[in-house]
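If you're matching positions, the sequence shown starts at 875 in our numbering and goes up one per residue. Read the structure below first, then the notes.
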Amino acid sequence: MYWKGLLIAIAFDVACIMGNPSLVTGPEPPVPVRHAPSWVMNQEPGVTMQTSPEDAELDAAGRLEDSMMVYLQSNDRDAAAMVSLARMYVAHGWYDAAIGPLARAAQLDPERRSIWSLLDRALKMTGKAKITDAELTKQAQQFVESVKNWGHSC
């Protein structure tokens, strides 16, 4: 009886080990996640990309700029929206970009001191101590054209 039980136990062990390879090899290994390089714009589905907080902040600024420009296409006399756009530019250190919307806002609402104050700050940060009325008019007109053309690129 002893030999019979031992023989059955050995047969059972051999059958489990040899007859079922999943017990020996284990489960399927997970599919490795590929990371796309940071310069890839259109990533493949299922590929994760690591972004830094700076990238996320720039992405948010880009979305804000896009929404403000689209809004200004249909509300081209909203000086407050232009000032908001310029404040975003100044907050990111894009002082040159802030001059155009501020110049146009100053044309629309010349009595508003906060526009002139922010315009002075942006001009100082770009290294321009003074700007002529003709240059301000040119900057305002270029901004109006950029609003019109926003979203119509190739």
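A virtual CB, placed ideally from N, CA and C, is assigned to each residue, including glycine. Small disclaimer: the values here were computed from a predicted structure and weren't measured.
Residue from the options with nearest C-alpha to residue i
i	options	result
residue 1026	947, 933, 935 and 930	947
residue 1019	978, 997, 960 and 1008	978
residue 961	1003, 996 and 1014	996
residue 963	980, 934 and 1011	934
residue 986	967, 1006, 954 and 968	954
Residue burial classification, residue i (beta-carbon count within 10 angstroms, cutoff 16)
i	result
residue 932	exposed
residue 938	exposed
residue 904	exposed
residue 1008	exposed
C-beta atoms of residue i and residue j nearer than 9 Å
i	j	result
residue 993	residue 956	no
residue 970	residue 1000	yes
Segment limits, alpha helix (DSSP H) that includes residue i
i	result
residue 1022	1007 to 1023
residue 951	Note, residue 951: premise wrong, no alpha helix (DSSP H); not H, not E.
residue 986	That residue, residue 986, is in no alpha helix (DSSP H); it is neither H nor E in DSSP.
residue 977	969 to 982
Contact belief for residue i with residue j at Cβ below 8 Å, rounded distance in angstroms
i	j	result
residue 984	residue 1017	About 16 Å separates the two Cβ atoms, so there is no contact after all.
residue 989	residue 1003	Not really, about 18 Å apart at Cβ, beyond 8 Å.
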